[in-house]
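Everything below concerns the one structure shown next.
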Amino acid sequence: MKKILISAAVGILLSGVSLFGAENKSVEKVYQKECGSCHMAYQPQFLPQRSWNKMMKNLDNHFEVDASLDANDNKMILAYLTSNAGDVKASNKHFSKMSNSIASSETPLRISQTPYFLKEHRGIPKRLIEQKEVKSLANCSACHTSATQGNYSERAIKIPNYGRWED
Ligand code: HEC
Ligand code: HEC
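Numbering (the working numbering), first residue to last: 127 to 293.
Pasting the structure below:
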């Protein structure tokens, strides 16, 4: 009985995975297009599901800009974000550290204000952040040269008008 149940569950799981895989490419494209025009399309792993849920409900007032989408795109992107969120799918140590640093009582909308992020970035002088080539810590790819590929390793950091970061 137990065995049958388990193999049925595995079957459902596997078919779910392959379905998602096929669908994934086009969803990712929509995400890149709709959420990567004003800033880079942040990796969904940086925030927990509850954060994405909250953000996608309030896109008309998104950090003081209107980023609203039609209902279909919103639904599609929300599904993509929540199924890859940090609390369900942290795929490397940076993502899991970021995600684990968020208290379960918190629902941050900014990656750049999560505890692990603040700890990692507190040593950077203000002038290097405020300079026009960077402007804000939300501008990940200004310093992390491979951020859009999800690579945040120290070797891929180069701050404008400063260079490589050695700590
Ligand atoms: C019309 C422009 C625009 C669009 C489109 C847009 N955003 Fe934003 N987003 C902003 C601005 C402006 C900020 C604040 C940036 C700053 O503080 O420098 C922001 C900030 C964010 C942040 C927080 C960054 C941080 O500080 O860690 C996240 C996460 C985010 N956006 C996700 C999304 C998602 C998901 C979408 C697609 C549904 C999206 N954005 C679409 C303008 C936009
Ligand atoms: C002004 C430049 C700058 C910006 C903008 C910036 N970072 Fe960083 N980031 C750094 C530096 C420098 C470090 C290394 C800090 C250290 O190791 O002392 C770092 C470290 C990190 C780390 C940890 C890497 C490790 O090896 O442990 C992650 C993850 C990260 N940043 C993600 C982000 C994300 C996501 C964004 C955008 C929301 C962002 N950063 C924006 C400069 C920046």
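Note that the Cβ used here is the ideal one computed from N, Cα and C, for glycine as well. Keep in mind that this is a model prediction, so the values were computed, not measured.
Could you check how far apart the C-beta atoms of residue i and residue j are, in whole angstroms? I think they sit under 8 Å.
i    : j    : result
A205 : P174 : With 8 Å as the limit, A205 and P174 do not qualify as a contact, their Cβ atoms being about 15 Å apart.
F243 : Q171 : Rounded, the Cβ-Cβ distance is 13 Å, inconsistent with contact.
D192 : D186 : 5 Å
L195 : E160 : 6 Å
N287 : Q257 : 6 Å
Could you check if residue i is buried or exposed, using at least 16 other CB atoms within 10 Å of its CB as the buried criterion?
i    : result
T271 : exposed
S230 : exposed
Q169 : buried
V260 : buried
P251 : exposed
A268 : buried
S152 : exposed
C164 : exposed
S279 : exposed
Is residue j closer than 7 Å to residue i when the C-beta atoms are compared?
i    : j    : result
I285 : L254 : yes
Y157 : I203 : yes
P234 : S177 : yes
M166 : T274 : yes
Any beta-carbon of chain D closer than 7 Å to the one on residue i?
i    : result
N287 : This model lacks chain D altogether, as it is built from one protein chain only.
Curious, which full-length beta strand (DSSP E) runs of at least 3 residues does the stretch 204 to 248 contain? none
Restricting to runs no shorter than 4 residues, where is the alpha helix (DSSP H) found entirely within the stretch 143 to 191? 175 to 183
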